[in-house]
Amino acid sequence: ELGERSYEIVIGDSLLQQVPDLLAEAGVVSTSKLMIITDEHVAVRYLEPLRDALRAAGYNAIASVVEAGEQSKSLAVYERLMTEAIQGGLDRKSAILALGGGVVGDLAGFVAATFMRGIDFVQLPTTLLAHDSSVGGKVAINHPLGKNLIGAFHQPRVVIYDTKVLHTLPKREVAAGFAEVIKHALISDASFVDWLEENAARLWELDSELLGKAIERGCAVKAAVVSADETEQGQRALLNLGHTFGHAFEALSAYATLNHGEAISIGMCIAAKVAERIGLAQRGVYDRTKHLLSLYHLPTAWPKGLEPQDVLEAMKRDKKTVGGQLALVLPSAIGQAEIGKHVDEQLILTVMSEEAEAL
Ligand code: NAD
Ligand code: ZN
9 ELGERSYEIV IGDSLLQQVP DLLAEAGVVS TSKLMIITDE HVAVRYLEPL RDALRAAGYN
69 AIASVVEAGE QSKSLAVYER LMTEAIQGGL DRKSAILALG GGVVGDLAGF VAATFMRGID
129 FVQLPTTLLA HDSSVGGKVA INHPLGKNLI GAFHQPRVVI YDTKVLHTLP KREVAAGFAE
189 VIKHALISDA SFVDWLEENA ARLWELDSEL LGKAIERGCA VKAAVVSADE TEQGQRALLN
249 LGHTFGHAFE ALSAYATLNH GEAISIGMCI AAKVAERIGL AQRGVYDRTK HLLSLYHLPT
309 AWPKGLEPQD VLEAMKRDKK TVGGQLALVL PSAIGQAEIG KHVDEQLILT VMSEEAEAL
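Structure representation (structure tokens):
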């Protein structure tokens, strides 16, 4: 719910065929050219079926395929896509379709936000993690000095989530997606946490009924938070649980050894430990957080080779920092979190050093 920029999140099995109808309902016109942006892994599986469906409905779409991986969220790839959009004849009524995971969604969304000062875009998420990234309108590319430092707020016209495509995801990416599902539970609802614990085995096997529910619940938490605070003046920061630590891990590992979900998994564990240490959360929150993440095969131990002092410096460069002051999101209980917690740097460093030594 965002006033006139409100949009539907459509979740279902085998929705790719219905994309043209859903586009028409969302007001995307077929008189202007569309541009599909996707990555190489997704393209080989799902690009042609999507193009066929669009063609049959009278839409004319060009397609750009980028390399898979975080390195595509770069200025160089952004420039190439802009060139292709201009040469391909897109105009102000055109729409960009992001077919892929969070990388494609963030990148394509930033192209859409800035091409001719902003054109329509549509999210067609293909990873579990993208239940988070496709909703909320944050779009960005990375700078070598930090993640998501170049970006915009640009809401999609519609999010069309075909859950069937998740069956071709590598298990490591399934785990990464569950990290954000777990985050949504941890910040909002203890019963959602219980449910994720009880159903971990079936969810891990992508049981379609349970998976649809998990995505719906996760999207509902995200949508509610974003509707209340679109541009992150306050409560939206709750969604950053584990992210100040996580972004630092990602940047310091050059986006190579840890993916986003893995990095925030470890980040949520450290946030829980800090919360217990300052007396914000009772003992047990850390253990339960760690256990839940491990049920979904996520890493919870300190990332080997990283120095706590370097992590602290990288955290201060993250854009969640204002005036050099770290303001953390920390759990106050299972299913609850608080924003803007100023914690003594020395204490953060001590907790991180303990984790690093525990390896
Ligand atoms: P991703 O887009 O790189 O996808 C992960 C891998 O899975 C890639 O290799 C991709 O090619 C492959 N893949 C995607 N769909 C597939 C499918 N159906 N079958 C087989 N393979 C498939 O990564 P991600 O985890 O989806 O997204 C991570 C990115 O999302 C990060 O850059 C992160 O910063 C961003 N993010 C953004 C927001 C936001 O609000 N904008 C929120 C969370 C995360
Ligand atoms: Zn995230």
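In the UniProt record's numbering, each residue carries its 1-based index in the sequence shown increased by 8.
Idealized CB from N, CA, C, for every residue including glycine.
- Contact between the region 317-326 and the region 242-260 is established, with three or more Cβ pairs separated by less than 8 angstroms.
- Looking at G144, D140, D114, A160, the one whose alpha-carbon comes closest to that of G126 is A160.
- No Cβ-Cβ contact shorter than 7 angstroms links A116 with I70.
- The straight-line gap separating the alpha-carbon atoms of L214 and G331 is approximately 43 angstroms.
- For Q344, the pairing in a beta bridge is given by DSSP as A341.
- DSSP places Y86 in the helix class (H, G or I) of the three-state scheme.
- Residues of the same chain with their beta carbon placed closer than 6 angstroms to that of M90 are lacking, with the five preceding and five following residues left out of the count.
- Residue burial annotation: G292 is exposed, with fewer than 16 other C-beta atoms found within 10 angstroms of its C-beta.
- Looking from the CA of S196, the closest CA among G226, D47, S141 belongs to G226.
- C-alpha of R296 to C-alpha of E205: approximately 10 angstroms in a straight line.
- Using a Cβ distance threshold of 7 angstroms, M360 and P311 do not count as a contacting pair.
- Going by DSSP, K298 is part of the alpha helix (DSSP H) stretching over 293-303.
- For the ligand NAD, no non-hydrogen atom lies closer than 6 angstroms to the CB of G250.
- DSSP places V112 in the uninterrupted alpha helix (DSSP H) bounded by 110-122.
- Counting only runs of at least 4 residues, the region 136-200 fully encloses the following alpha helix (DSSP H) elements, listed from N- to C-terminal order: 138-141, 179-196.
- Annotation: the continuous alpha helix (DSSP H) that includes A322 extends over 316-325.
- Looking at the backbone, the Cα of T308 and that of I149 are separated by about 27 angstroms.
- Judged by the Cβ position, G144 qualifies as a neighbour of the ligand NAD at the 6 angstroms threshold, a heavy atom of the ligand being closer than this.
- When secondary structure is reduced to three states using DSSP, S72 falls in the strand class.
- Within the same chain, E9, L10 come within 8 angstroms of S235 by CB-CB distance, once the 5 residues on both sides are set aside.
- According to the DSSP assignment, Q131 belongs to the beta strand (DSSP E) that extends over 128-133.
- By the neighbour-count criterion, in which 16 or more other beta carbons inside 10 Å mark a residue as buried, K230 falls on the buried side.
- G113 places its beta carbon less than 7 angstroms from that of S142.
- Annotation for I278: the continuous alpha helix (DSSP H) segment containing it runs 268-285.
- With a cut-off of 6 angstroms, the C-beta of L177 is classified as near the ligand NAD, since at least one heavy atom of the ligand falls inside that distance.
- Relative to the non-hydrogen atoms of the ligand NAD, the Cβ of H139 never comes closer than 6 angstroms to any of them.
- Bridge partners of D47 according to DSSP: V74.
- In the three-state reduction of the DSSP assignment, Q243 falls in the helix class.
- Looking from the CA of G66, the closest CA among E217, K221, L55, L31 belongs to L31.
- The continuous beta strand (DSSP E) containing V18 extends over residues 16-20.
- In this structure, V111 has its CB closer than 6 angstroms to one or more heavy atoms of the ligand NAD.
- Taking a contact as a CB-CB distance under 8 angstroms, the pair P164 and Y15 counts as one, their CB atoms being some 6 angstroms apart.
- Cβ-Cβ distances below 7 angstroms link H151 to L157, I158 in the same chain, with the five nearest sequence neighbours on each side left out; the list follows chain order.
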